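I have placed the structure first, in the form of structure tokens, so that the comments after it can refer back to it.
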Amino acid sequence: MTVAEVVKKMVEYSKGDLHDINHFMKVYAYAKTIAEGENLSPEQQKLVEVTAVVHDIACPLCRVKYGNANGKHQEEESAALIEEFFADSDLPKEFVNRVSYIVSHHHTITGIDGIDYQIMIEADYLVNADESNFSGNNVRNMLEKVFKTETGKFLLQSMYQKRLNAEE
1 MTVAEVVKKM VEYSKGDLHD INHFMKVYAY AKTIAEGENL SPEQQKLVEV TAVVHDIACP
61 LCRVKYGNAN GKHQEEESAA LIEEFFADSD LPKEFVNRVS YIVSHHHTIT GIDGIDYQIM
121 IEADYLVNAD ESNFSGNNVR NMLEKVFKTE TGKFLLQSMY QKRLNAEE
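Heads up, the sequence shown is in the numbering used here, so the first residue is 1 and it goes up one at a time.
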């Protein structure tokens with residue numbers, strides 16, 4: 001299963017919810033960029049890209065089941081949805097398991113155990129900071145305490161320089 005096939009399947013899965021589609025496509029673009037900037041292996045690159053595309057797979061279910069897409073609910077509900085989503089794919093079980101692990105933890109910024117997980121946190125934050133209008137102090141805190149990749153730090157500082165400068 002190629003990344004393009006995963007994107008097409010996820011767009012279909014999203015049932016025309018443009019907010020969800022636009023969100024995961026932006027996260028995918030940043031994750032792809034960060035992974036390329038950090039010179040990941042082709043296998044790691046694909047894993048990062050696939051994970052970014054499906055990272056919010058639980059949002060529709062959570063909105064129905066809980067009335068919101070709270071991050072903790074997403075983490076709780078993701079594993080079963082990921083397993084079902086990739087059930088008919090040709091992706092190796094270890095690959096799908098890693099995607100599932102990262103998706104099931106993508107709102108948890110402690111215990112980050114790999115560059116793939118790190119990039120997912122950074123790419124999702126780059127988009128969420130805009131969509132949720134995070135403060136300059138929030139951005140600075142993430143920059144200082146959470147962001148680790150040079151590419152992610154560069155993007156965060158460049159994108160949010162006005163917020164960072166406004167609250168110095």
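Ideal Cβ placement from N, Cα and C applies to all residues, glycine included. Owing to the predicted nature of the structure, the values given are computational and were not obtained by experimental measurement.
Can you list, in chain order, the residues of its chain whose CB lies under 7 Å from that of residue i, leaving out five sequence neighbours each side?
i    : result
K153 : L143 and F147
V139 : A129, L156, Y160, R163 and L164
R63  : A69
I102 : T51, D116, Y117 and M120
V27  : A52, H55, A123, D124 and V127
Rounded to whole angstroms, how far is the Cβ of residue i from the Cβ of residue j, which I believe are closer than 8 Å?
i    : j   : result
A58  : E77 : 4 Å
H105 : E75 : 6 Å
V50  : V6  : 5 Å
E131 : H55 : With a Cβ gap of about 14 Å, E131 and H55 do not count as contacting.
Please name the residue, chosen from the options, that lies closest to residue i on a Cα-to-Cα basis.
i    : options               : result
M25  : V3, L40 and E38       : V3
D116 : S14, G37, K72 and N70 : G37
H107 : F86, F95, A69 and L91 : A69
M1   : N141, K93 and S135    : K93
K145 : N133, Y125 and S158   : Y125
E43  : L91, G67 and G71      : L91
T151 : K32, G71, K65 and K8  : K32
K9   : S89, I102 and N141    : S89
Could you check whether residue j and residue i sit closer than 8 Å to each other, using their CB atoms as the reference points?
i    : j   : result
I112 : V48 : no
A123 : I34 : yes
V96  : Y30 : no
Is it buried or exposed for residue i, if we count other Cβ within 10 angstroms and need 16 for buried?
i    : result
L81  : buried
T110 : exposed
H73  : buried
A87  : exposed
S41  : exposed
S14  : buried
For residue i, which residues of its own chain have a beta-carbon under 8 Å away from its beta-carbon, when the five flanking residues on both sides are left out?
i    : result
T149 : I34, G37, E38, I115, Q118, I119 and E122
D17  : P60
G67  : none
K65  : H73 and E77
Please list, in chain order, all residues of the same chain as residue i whose beta carbon is under 6 Å from its beta carbon, the five residues on each side excluded.
i   : result
A79 : S100 and S104
G71 : H107
Q45 : A35
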